[in-house]
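Colleague:
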Amino acid sequence: MTLFTGFGGIPSRSAAGAATALAHVLASVADIAEGHRVGHGRRIAWLALRLASLCGVEPAEHATLYYAALLHDIGELWIHTEIFHRAGPTPRSESIGLREHPVIGADFLHRLNVFPAGVAELVRWHHEWWDGTGYPDQLHWAQIPPAAQLLRLADTFVSSLSDRPNRRALPPEEAFQEIVSGAGRELGPEVARTFSMLFQADPQVAALADPQNDPSVASSSVFPMEWATAEDVKTLMLAVADCADARHAVLTGHSRRTADLAAQIAERSGWDDNAVDRARLVGYMHDIGMAAVSSAIVSKADRLTSLERAAMQRHVLHGSDILQRIPELEAYADPVRHHHERVDGSGYPDALTSQAISPFARLIAVCDAYDALTTGRPYRTPLDPDEALARIERDSGFSFDPTIVQVLASTLPAVTG
C-alpha cells in the first residue's frame, strides 16, 4: 500500500517512515488534547534524551525513552474531563479520574503492540515519585526505572513552561528551582543534580520556554521505527482514527466509518488504488483536530454560541497544523483543513468554492456529513440511511459535490444492505 505517495508526486515512504510519522500524529493529538501546543511531547523527549546521555542510560534504550516521551499522556484522550479547558481548582473526582491516564495509556500501547515493550512501562510509571507518593503503583527509589525518572523530570519542567487554564507559565529559572527543590521527593537526588548541571551548561534547556524554539528535528530522522511492518502501519492508521474520536464519546467510531465509506466511494468512482488508499487515510485523520475542542462544546445539546462555534470550527486548523509539521504527511494537511468547505463557498475555514476544494476534501465532506447524520449528535436524533441520503441530495450542488453525492447513492445499498 503506497499510502505515503501523497499529492503531487511525493515519493513513497518505507514502513519505518510511515509508522514513525503516524506515531508523531498520535503524539500531537495527545498534545492538543491536554491544551499544549503541538510539539510538547517532542520537547519533553529532547530534554529526557539529553539527560539520558548524561546519566549513562544505554544508547539502546534511547529509542524507547523517545517514544515513551512522545506518547506519555496518550491515555488522557479517554478521560472525558474539562480540566484542560477550565480555570480554577480541579474537582477532587476529576483529579482522581485523571490519575488513571498512565494505566490507560500503557494498556493502549500494549494493545497496539507496535512499539518496544519498554515504552508502555515507562508511560505507566511516568508519574511515579522517588518518595513513593506517585501513581499508579506507588513505586519508590530503585523500583522506578531510571528512564521513568528522567521522563518525570522532563515532563514536569517542560509542562511548567506553558500557560494552563488554572495556572500561569513559570519563567525557566523558577521552573528550574522547583525541580531542584523536589529532589528527594518527586525526583531522585542524582537525577536532580544532573539536571542542575545541564540547565546551567546548556542554554537550550531554558530556551524551551520560547514557543518558536524547537530543538526537535524532523520526525523521519529521529529514531525511525525500523522494526515496523506494513501491518504495523495499518495498526497505527486505525489508532490515529480511534485517538481522533476518543476525546468525545459521541464520536466513537466516526473516523473509521468515514474512512471506510470514503474508500468505497473512491473505488466506485474509478480512482486508482493509490488514490483510494489516500482517501481512506484522509478519512482516518480528518478529525484529529477535534482533540483540542472542549467536550462541553461537542456534547452540547443546545445551539452553540458564536464563540463556541468558532472553537468548534478551529478543529480543522488544529488538524492541518499537526500534519504540516510532519514531512511524510504534509500533503494531507490540505484535505484535513478543507473537509468542511462547501462547493457554494459557504463552508470554512477559507470559504473555498467548487474546484478550488481538493477532490479528497470534497469526498470527505460528503462522508463526514453522512456519518454524522446517521449516528446522531447531542442536538438531534440519528436519521435512517434513506433520510440521511435525502438530506445530502437536497444540498447537492450547494454544500456537496453532485458527482460524489451520486456515487454515494449508488454505494449505500452495498454498505447498508
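Heads up: the sequence shown at position 245 corresponds to 229 in my numbering, and the numbers run straight through without jumps. Glycine included, each C-beta is placed from N, C-alpha and C at the ideal position.
#1: Might you give, ordered along the chain, the residues of its own chain that have their beta carbon closer than 8 Å to the beta carbon of Asp286, omitting 5 neighbours on each side?
#2: Return helix, strand or coil for Asp305, following the three-state DSSP convention.
#3: Buried or exposed: where does Ile28 fall if 16 or more other Cβ atoms within 10 Å of its Cβ makes it buried?
#4: Excluding the 5 residues flanking Ala275 on each side, which residues of the same chain have their C-beta closer than 6 Å to its C-beta?
#5: Find out if the Cβ-Cβ distance for the pair Leu403, Ala104 is shorter than 8 Å.
#6: Label Val201 either buried or exposed according to how many other C-beta atoms from any shown protein chain fall within 10 Å of its C-beta, with 16 as the threshold for buried.
#7: Would you call the CB atoms of His322 and Ala345 closer than 8 Å?
#8: Can you say whether Ala335 is buried or exposed, counting buried as having 16 or more other CB atoms within 10 angstroms of its CB?
#9: Quick check on DSSP: helix, strand or coil for Leu392?
#10: Shortest alpha-carbon distance to Ile88 belongs to which of Ala131, Arg152, Arg108, Ser283?
#11: Rounding to the nearest angstrom, what Cα-Cα distance links Gln127 and Arg136 in this structure?
#12: For Ala225 versus Tyr268, is the C-beta distance shorter than 8 Å?
#13: Starting from Lys218, follow the alpha helix (DSSP H) in both directions and report where the run begins and ends.
#14: Compute the minimum distance between the beta carbon of Gly102 and the heavy atoms of the ligand ATP, and state whether it is under 7 Å.
#15: Is there contact between the region 147 to 162 and the region 204 to 220, where contact requires at least three CB pairs shorter than 8 Å?
#16: Going by DSSP, name the residue or residues bridged to Arg169.
#17: Measure the alpha-carbon distance for Gly(-8) versus Ala243 and round it to whole angstroms.
#18: For the alpha helix (DSSP H) that contains Met296, what are its first and last residues?
#19: Which of helix, strand or coil does DSSP assign to Phe344?
#20: At which residues does the alpha helix (DSSP H) containing Phe141 begin and terminate?
#21: Run the CB neighbour count on Thr289, radius 10 Å, all protein chains shown included, and call it buried at 16 or more, exposed below.
#22: Using 8 Å as the threshold, is the C-beta distance between Leu145 and Ala193 below it?
Modeller: Short version:
#1: Closer than 8 Å at Cβ, skipping near neighbours: Tyr363.
#2: helix
#3: buried
#4: Closer than 6 Å at Cβ, skipping near neighbours: Val13, Ile16, Ala17, Arg231.
#5: There is simply no residue 403 to check, as the chain begins at -15 and stops at 401 in what is shown.
#6: Residue placement at Val201 is flagged as unreliable, the pLDDT there being 47, under the threshold of 50; the coordinate-derived value follows with that caveat. The residue in question, Val201, is exposed, as its Cβ has fewer than 16 Cβ neighbours within 10 Å.
#7: One thing to note: His322 has its Cβ within 8 Å of the Cβ of Ala345.
#8: Only exposed fits Ala335, as fewer than 16 other CB atoms lie within 10 angstroms of its CB.
#9: helix
#10: Arg108
#11: 14 Å
#12: Closer than 8 Å, so yes.
#13: 214 to 230
#14: For the ligand ATP, the structure offers nothing, since it holds no ligand at all.
#15: no
#16: The partner list for Arg169 (beta bridge, DSSP) is empty, contrary to what the question assumes.
#17: Note on Gly(-8): pLDDT 35, under 50, position unreliable in the model; the coordinate value appears next. Spanning the two alpha carbons is a distance of roughly 21 Å.
#18: According to the DSSP assignment, Met296 belongs to the alpha helix (DSSP H) that extends over 290 to 297.
#19: helix
#20: 130 to 144
#21: exposed
#22: Their beta carbons are under 8 Å apart, which means Leu145 touches Ala193 by this criterion.
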